[in-house]
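All remarks here apply to the structure that follows.
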Amino acid sequence: MITPDLRLLSFASQKSSEKQRTSFFSRCLWSLSILFLCGLSLFPRHAAAELKLRFSGALESNLFVGLKPETTPSILPGAQTTSNLGRYFDYRNANSLFLNLSAKVSNNLSGVARVQFRNINFSQATVSSDLQDYGKVFPLSVRLYEMYIDFLELTEWFDLRVGQQRIAWGKALAFNPTDNLNPFNLENPLDFQERLPTPAIKASFYMGEHVTLTLVAQPFYVPAVLPISLFRDVATIDFDFNSLVPKGFKLEKVNSNEKVQQIDFNIENMQAAGKLAFVFNKVSFSLSYFWGRLYVPVPSASNLTNTKLGNTDPVTGDVNVTADVDVQLVYPRVHVVGFDMSTSLGPVGVWAEVGLFIPHETFALNITQSIAPNLVPNDPVASSKLNPLSSQPFCPEPKAGEKKACPDSFPSTPYPKVTVGLEYTFPGGFYFNLQYLFGFFNEQALDKLHHFVFLVMRQGFLRDKLLLQVTVGGEVDATPTSGDSGDGSNVGLAFLVNAELQFKPFDSGTIVLGAVVGRGNKGTTLALFQDLDQVFLRFRLNF
Amino acid sequence: MQKFLSSICFVVLALSSQWVDAADGKPVPKGEWTGILEKVDKAEAQGRDMKARMVISLINKEGKRRERRAIFFQKGTDRRLIQFKAPASEAGISVLIRGTSVFLYLPQLQKTRRIAAHVKNQPFMGTDLSFDDMSSLQYSKENEVISANEKGELYHLVLKPKAGLAKPYIRLEMSVRKNDHQIAQIRFFDTQNKEYKRMERLGFRKFNGFSVPSKIQVKDMKSQHRTILDLQDMQLNTGVSGRLFSLRYLKRDLEL
Numbered sequence: 033m034i035t036p037d038l039r040l041l042s043f044a045s046q047k048s049s050e051k052q053r054t055s056f057f058s059r060c061l062w063s064l065s066i067l068f069l070c071g072l073s074l075f076p077r078h079a080a081a082e083l084k085l086r087f088s089g090a091l092e093s094n095l096f097v098g099l100k101p102e103t104t105p106s107i108l109p110g111a112q113t114t115s116n117l118g119r120y121f122d123y124r125n126a127n128s129l130f131l132n133l134s135a136k137v138s139n140n141l142s143g144v145a146r147v148q149f150r151n152i153n154f155s156q157a158t159v160s161s162d163l164q165d166y167g168k169v170f171p172l173s174v175r176l177y178e179m180y181i182d183f184l185e186l187t188e189w190f191d192l193r194v195g196q197q198r199i200a201w202g203k204a205l206a207f208n209p210t211d212n213l214n215p216f217n218l219e220n221p222l223d224f225q226e227r228l229p230t231p232a233i234k235a236s237f238y239m240g241e242h243v244t245l246t247l248v249a250q251p252f253y254v255p256a257v258l259p260i261s262l263f264r265d266v267a268t269i270d271f272d273f274n275s276l277v278p279k280g281f282k283l284e285k286v287n288s289n290e291k292v293q294q295i296d297f298n299i300e301n302m303q304a305a306g307k308l309a310f311v312f313n314k315v316s317f318s319l320s321y322f323w324g325r326l327y328v329p330v331p332s333a334s335n336l337t338n339t340k341l342g343n344t345d346p347v348t349g350d351v352n353v354t355a356d357v358d359v360q361l362v363y364p365r366v367h368v369v370g371f372d373m374s375t376s377l378g379p380v381g382v383w384a385e386v387g388l389f390i391p392h393e394t395f396a397l398n399i400t401q402s403i404a405p406n407l408v409p410n411d412p413v414a415s416s417k418l419n420p421l422s423s424q425p426f427c428p429e430p431k432a433g434e435k436k437a438c439p440d441s442f443p444s445t446p447y448p449k450v451t452v453g454l455e456y457t458f459p460g461g462f463y464f465n466l467q468y469l470f471g472f473f474n475e476q477a478l479d480k481l482h483h484f485v486f487l488v489m490r491q492g493f494l495r496d497k498l499l500l501q502v503t504v505g506g507e508v509d510a511t512p513t514s515g516d517s518g519d520g521s522n523v524g525l526a527f528l529v530n531a532e533l534q535f536k537p538f539d540s541g542t543i544v545l546g547a548v549v550g551r552g553n554k555g556t557t558l559a560l561f562q563d564l565d566q567v568f569l570r571f572r573l574n575f
Numbered sequence: 269m270q271k272f273l274s275s276i277c278f279v280v281l282a283l284s285s286q287w288v289d290a291a292d293g294k295p296v297p298k299g300e301w302t303g304i305l306e307k308v309d310k311a312e313a314q315g316r317d318m319k320a321r322m323v324i325s326l327i328n329k330e331g332k333r334r335e336r337r338a339i340f341f342q343k344g345t346d347r348r349l350i351q352f353k354a355p356a357s358e359a360g361i362s363v364l365i366r367g368t369s370v371f372l373y374l375p376q377l378q379k380t381r382r383i384a385a386h387v388k389n390q391p392f393m394g395t396d397l398s399f400d401d402m403s404s405l406q407y408s409k410e411n412e413v414i415s416a417n418e419k420g421e422l423y424h425l426v427l428k429p430k431a432g433l434a435k436p437y438i439r440l441e442m443s444v445r446k447n448d449h450q451i452a453q454i455r456f457f458d459t460q461n462k463e464y465k466r467m468e469r470l471g472f473r474k475f476n477g478f479s480v481p482s483k484i485q486v487k488d489m490k491s492q493h494r495t496i497l498d499l500q501d502m503q504l505n506t507g508v509s510g511r512l513f514s515l516r517y518l519k520r521d522l523e524l
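So, in structure tokens, the structure goes:
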């Protein structure tokens, strides 16, 4: 509320020989003040009537219990993998409060903010003094999810949205090669649909009923939230270090330390995209273009350090060697040209989505080694002689007809990612959708793309109070490095099954009981998730 | 007491005579059948446009009730827009019907999906109506009259889907008010010739010269579950913009 300036009123009480003039002037001022106060009394009421505030949100509690055994059998007989990567996911509880605020000033101006409060459940108290700190004992994470302003109908055909926002493109379900404006949020690694809203300016131009042009500018880059311990196999060098170790030695362990590229905040690192969407003859089409960076990093360089000799294997007589590897992870720039469509073929819904990734920069793998480790104390010459790792260049240029010793981690060849799918609901309500994917979200480069099929089946009972959904995913790795041996001699296979039973006892209240199991050969993408075998329980209240 | 009971019986009989088998009553000349159905479609459009608040009550056979709230816009004979406001789990979900195309906006995914034909016969948002029911604004386009009778204040039409159209019903029995050609009742029959759904329109009111039902009740005859659509704050011919019925507006927080 604006407070009137009372000095104006005191001015009217001056004594002077110019009483007449003052009197007239003061009368004017009084009149103006009264009018002003009357106007003020109207304005706040008018403004208050325009502004509509709405609060909504959700409370959610999740409990995850890991089921992973010590060793995980491969689906090929005789092969096994061991991993303790599932430790983090063995048992955890996540409780969240989602708060949404919607402020509608008028039909043309509104804003939305969404905040998530989440408890982490891992105490950060390490010393006794930490026990005094509530935040250390019971840490809480506050996340700004979305915060944007809508300027609607700036002209009859133009809308503008500015702020932190989710811009969801693509017609396929969950796996969208053309959806590149928001990075993945894989805090729950099995939730492939979750994305991070990011700051952007989105301009939408409506050219008639059936044609929409959308232009987006993102001022800076935000990487994906990745469970790196799970994706370490992807993030580390695709290189067999054992090939560096001569006879008599065996590389027992490589400790990888990944450093992530810091993307500077400057105009060169802006991202941009555009999409033209139209409907023709009951078919919805989109053509899109994205200029920006990948959200899943690729390794570009690796430096071996701290090579150490260990015990001698009593069976083979080989000397065990361990080494540390510093890996540089980068986010390459790409152009993505996209196309998608959806329609019905008879009663069946169908869609297709293609993203052609054109690398703007490539990264050739570069492996180096730091100065010779001190294998023999105070004797660098002897240490160098004893260094079991080759003194030759690790990535020599191949001779004519030979393959590269170190494959490019991000080559220049464009590659497509494709999703096609269909869905149908039978009388009685049994629903299924089937999708084929070429290239998972973490796979980059043509010779690294695998084939996937996902089938989702859903049946409701008791008027959808009870909903049973089963998702089955299958993978075929037919790349040159497929199979447990990694030489392409065997096709790699993997599967993932996610079953959920959802119970809605009341409106806005949901209880979900679910389980996930996955298995796969070495090198398959779904095998990355086999450490996440789990049962989970979710409770949710919407308000 | 006897007089009172007689009156009650008379009223019950009078009311029940409205829903007699279509085979009863005086036959309507065949040349008038299509004309009656076209007048029904015209009455369905109710002037140029309409908007209203909708309270949707879902009542099971035990009488347990759940409620949904939505706002509803209609323009002409081929465009409808429904946006849910409550309960919280469904707030923001919007449905746009444009001719035979149906679009669904899901705020959780922030995506708009075109509803394929296989969904059209599925329950609409958990109600006893289907998506097809919600988009059926012109019965004459999808059905043909195979018999018609008149009795008292009503026409009784029997319809079947036109050739080539996939519908969940094999036959509709439609009761139409003679004075305003408003639909009073529709009975839906499946391939076994069993009635599986019944829609009744109640509480007709006069609005700017148009007769409009304030309540629509749909009953699942197998489960005895009912859905009641209560139209409130109804406004007709207020100049609802045709632009509203577009994907652009589907994502917005709309108000009456």
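Sequence lines, in order, name chains A and B.
33 is the number of the first residue of the first sequence in this note's numbering; add one for each residue after it.
269 is the number of the first residue of the second sequence in this note's numbering; add one for each residue after it.
All residues carry an ideal CB built from backbone N, CA and C; glycine is no exception.
Just so it is clear, the structure is predicted and the values come from calculations on it, not from any experiment.
Counterpart residues of R337(B) in DSSP-defined beta bridges: The count along the second sequence starts at 1 and reaches residue 337(B) at position 69. Answer by DSSP bridge pairing, in chain order: V323(B) and A354(B).
Straight-line gap, Q566(A) to P259(A) (C-alpha atoms, nearest Å): Along the first sequence, read from residue 1 onward, the residue named residue 566(A) stands at position 534. Along the first sequence, read from residue 1 onward, the residue named residue 259(A) stands at position 227. Those two C-alpha atoms are separated by around 16 Å.
Best match in I299(A), G381(A) and L91(A) for proximity to A249(A) [C-alpha to C-alpha]: Along the first sequence, read from residue 1 onward, the residue named residue 249(A) stands at position 217. Nearest of I299(A), G381(A) and L91(A) to A249(A), Cα basis: I299(A).
Distance between D211(A) and T503(A) (C-alpha atoms, nearest Å): Reading the first sequence from its first residue, position 471 is the one you call residue 503(A). Reading the first sequence from its first residue, position 179 is the one you call residue 211(A). Looking at the two C-alpha atoms, the distance is approximately 22 Å.
At least three beta-carbon pairs within less than 8 Å, the region 368–376 of chain A to the region 201–215 of chain A: yes
Assigned exposure category for K449(A) - 16 Cβ within 10 Å defines buried: Here residue 449(A) refers to the residue found at position 417 when the first sequence is read from its first residue. That one is buried.
First and last residue of the uninterrupted beta strand (DSSP E) at E226(A): Within the first sequence, the letter at position 194 stands for residue 226(A). It is not in any beta strand (DSSP E) - E226(A) carries neither H nor E in the DSSP assignment.
A256(A) versus V243(A), P229(A), I399(A) and T246(A), residue with shortest Cα-Cα distance: Reading the first sequence from its first residue, position 224 is the one you call residue 256(A). Comparing Cα positions, the closest option is P229(A).
Test: Q390(B) CB closer than 9 Å to a CB of chain A: Counting from one through the second sequence, the residue named residue 390(B) turns up at place 122. Yes, Q390(B) counts as interfacial toward chain A.
Endpoints, the beta strand (DSSP E) within which W201(A) is located: Walking along the first sequence from the start, residue 201(A) turns up at place 169. Premise fails: W201(A) is in no beta strand (DSSP E) and is neither H nor E.
Counted within 10 angstroms of its Cβ, other Cβ atoms place H392(A) as buried (16 or more) or exposed: The residue given as residue 392(A) occupies position 360 in the first sequence. H392(A) comes out exposed.
Three-state secondary structure (DSSP) of L326(A): Within the first sequence, residue 326(A) is the residue found at index 294, counting from 1. Coil.
According to DSSP, residues forming a beta bridge with L425(B): Position 157 of the second sequence holds residue 425(B). DSSP lists A416(B) and M442(B) as partners of L425(B).
Q500(B) classed as buried or exposed, judged by whether at least 16 other C-beta atoms fall within 10 angstroms: As a position in the second sequence, residue 500(B) is number 232, starting the count at 1. With fewer than 16 other Cβ atoms within 10 Å, it is exposed.
Span separating the alpha-carbon of A559(A) from that of V159(A): As a position in the first sequence, residue 559(A) is number 527, starting the count at 1. As a position in the first sequence, residue 159(A) is number 127, starting the count at 1. Taking the straight line joining both Cα atoms gives about 38 Å.
Backbone CA spacing between A510(A) and Y447(A) [nearest angstrom]: Working through the first sequence from its first residue, we reach residue 510(A) at position 478. Working through the first sequence from its first residue, we reach residue 447(A) at position 415. Whole-angstrom Cα-Cα distance: 16 Å.
Partner residues on chain A for P355(B), Cβ-Cβ distance less than 8 Å: For the purposes of this step, residue 355(B) is taken as the residue at position 87 of the second sequence. Neighbours of P355(B) on chain A, chain order: D539, S540 and N574.
Straight-line Cα distance separating Y464(B) from S491(B): Against the second sequence, residue 491(B) aligns to sequence position 223. Against the second sequence, residue 464(B) aligns to sequence position 196. Whole-angstrom Cα-Cα distance: 9 Å.
Nearest residue (CA-CA) to A452(B), options G299(B), V370(B) and S482(B): Your numbering for residue 452(B) matches position 184 in the second sequence. Checking every option, the nearest Cα to that of A452(B) belongs to S482(B).
Cross-chain neighbours of A200(A) in chain B, by beta carbon under 9 Å: Position 168 of the first sequence holds residue 200(A). Those within 9 Å of A200(A) in chain B are L377, Q378 and K379.
DSSP three-state assignment for D400(B), whether helix, strand or coil: Numbered from 1 along the second sequence, position 132 holds the residue referred to as residue 400(B). Three-state DSSP puts D400(B) in a helix.
Under the three-state DSSP convention, the category K462(B) falls into: Position 194 of the second sequence, counted from the start, is the residue given in the question as residue 462(B). It is coil, neither helix nor strand.
Cβ pair R381(B), S374(A) closer than 9 Å: Position 113 of the second sequence holds residue 381(B). Position 342 of the first sequence holds residue 374(A). Yes. Within cutoff.
Three-state secondary structure assigned by DSSP to N140(A): Taking the first residue of the first sequence as position 1, residue 140(A) is located at position 108. Residue state, collapsed to three classes: coil.
Touching by the beta-carbon criterion (3+ pairs, under 8 Å), the region 336–355 of chain B and the region 304–321 of chain B: yes
CB contact below 9 Å: G394(B) versus chain A: For the purposes of this step, residue 394(B) is identified with residue 126 of the second sequence, where counting begins at 1. Chain A, which has a Cβ nearer than 9 Å to the Cβ of G394(B), makes this yes.
Three-state secondary structure assigned by DSSP to G471(A): By 1-based counting over the first sequence, the position of residue 471(A) is 439. Three-state result, G471(A): coil.
Min CB distance G501(B) to chain A below 9 Å: For the purposes of this step, residue 501(B) is identified with residue 233 of the second sequence, where counting begins at 1. Before going on, a small fix: residue 501(B) reads as Asp here, not Gly. D501(B) does not count as touching chain A.
7 Å CB neighbourhood of G118(A) in its chain, flanking five on each side removed: Residue numbering aside, residue 118(A) sits at position 86 when the first sequence is read from its first letter. With a pLDDT of only 45 at G118(A), under 50, the local geometry of the prediction cannot be trusted, and the value read off the model is given with reservation. Correct list, in chain order: G98, K100, D563 and L564.
Inter-residue spacing [alpha-carbon to alpha-carbon] between A90(A) and N461(B): Stepping through the first sequence from its first residue, residue 90(A) is reached at position 58. Stepping through the second sequence from its first residue, residue 461(B) is reached at position 193. C-alpha separation (whole angstroms): 46 Å.
Cβ-Cβ distance between Q360(A) and A333(A) below 9 Å: What you label residue 360(A) is simply residue 328 of the first sequence in a count that begins at 1. What you label residue 333(A) is simply residue 301 of the first sequence in a count that begins at 1. Cβ distance < 9 Å, so Q360(A) and A333(A) count as in contact.
Bridge-paired residues (DSSP) for R473(B): Position 205 of the second sequence, counted from the start, is the residue given in the question as residue 473(B). Answer by DSSP bridge pairing, in chain order: V480(B).
Segment contact, 8 Å Cβ cut-off, at least three pairs: the region 125–139 of chain A with the region 293–312 of chain B: no
Per-residue contacts from G496(A) into chain B (C-beta, under 9 Å): As a working mapping, residue 496(A) is identified with position 464 in the first sequence. The question names Gly, yet the displayed sequence has Asp at residue 496(A). Chain B residues near D496(A): P391 and G394.
With 16 other Cβ atoms within 10 Å as the buried cut-off, status of R561(A): The residue given as residue 561(A) occupies position 529 in the first sequence. As written in the sequence, residue 561(A) is Phe, which differs from the Arg given in the question. So F561(A) counts as buried.
The region 496–512 of chain B in contact with the region 470–484 of chain B per 3-pair CB rule at 8 Å: yes
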